[in-house]
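Residue numbers (the working numbering): 6 to 206.
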């Protein structure tokens, strides 16, 4: 009987450890997520219920924070956005050592466009909560390469950001990635345009 209880106790402890590890992984993934316009977020300050708000991030990447007004958090990770709001409360001397939590209630759609020599060209949605998608996965989601695709010179155009004043262009050898000859991972980002040329015979 004691042996059975001991085994049950060990199984319970193991289950708790696995649950804690899963929660930790989820928390880390959540705080690393890059906030984007039209994400719906709940912003709360520990011990300050009057400062809690739920809203969508504007198309300019801003939110309205009680006492602080408009703050830009778009393109920041959840963790960095929390720190920025905390810093603003502190610098404006509204709060001492505030603890801010941001929860993403709804993720705005993030799309990648895949055109050219694929079987189902069009827009591919990045899974909710993710910031990017490996290029080979994006192409697979678009139905995969056609038989005439030039796999070793896939062109990617990346939209302008605040840091980069003009669109950036990349050429990716997806063939070597699929063959396992290239361990590098090329991540397609929201609003990227992936173009697959027709192979010259």
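Positions of the beta carbon are idealized from the N, C-alpha and C atoms, including for glycine.
Sub-8 Å separation of residue i and residue j beta-carbons
i           : j           : result
residue 39  : residue 80  : yes
residue 67  : residue 77  : yes
residue 128 : residue 156 : no
residue 107 : residue 48  : yes
residue 123 : residue 149 : yes
residue 36  : residue 82  : yes
residue 145 : residue 199 : no
residue 147 : residue 125 : yes
residue 53  : residue 73  : no
Element boundaries [beta strand (DSSP E), containing residue i]
i           : result
residue 1   : Since the displayed the chain opens at 6 and closes at 206, residue 1 lies outside it and no answer follows.
residue 56  : 53 to 61
residue 128 : 127 to 130
residue 70  : 67 to 70
residue 181 : Run containing residue 181: none in the beta strand (DSSP E); it sits in the alpha helix (DSSP H), 179 to 183.
Unbroken alpha helix (DSSP H) run spanning residue i, endpoints
i           : result
residue 141 : 140 to 146
Secondary structure of residue i, DSSP reduced to three states
i           : result
residue 192 : strand
residue 16  : Unreliable placement is indicated for residue 16, whose pLDDT of 41 sits below 50; the coordinate value is still reported in the next sentence. Helix.
residue 116 : strand
residue 154 : strand
Bridge partners - residue i, DSSP secondary structure assignment
i           : result
residue 74  : 70
residue 106 : 49
residue 161 : 175 and 199
residue 111 : 45
residue 121 : 201
residue 39  : 82
Query raised in the report: Are there three or more Cβ pairs, one per stretch, closer than 8 Å when the region 105 to 121 is compared with the region 39 to 58?
Result: Touching, per the Cβ criterion.
Query raised in the report: Is the region 177 to 194 touching the region 135 to 149 in the sense that three or more CB pairs, one from each, lie closer than 8 Å?
Result: The region 135 to 149 vs the region 177 to 194: in contact.
**Report entry** Any 3 or more C-beta pairs closer than 8 Å across the region 170 to 189 and the region 145 to 161
**Finding:** Counting Cβ pairs under 8 Å, three or more are found: they touch.
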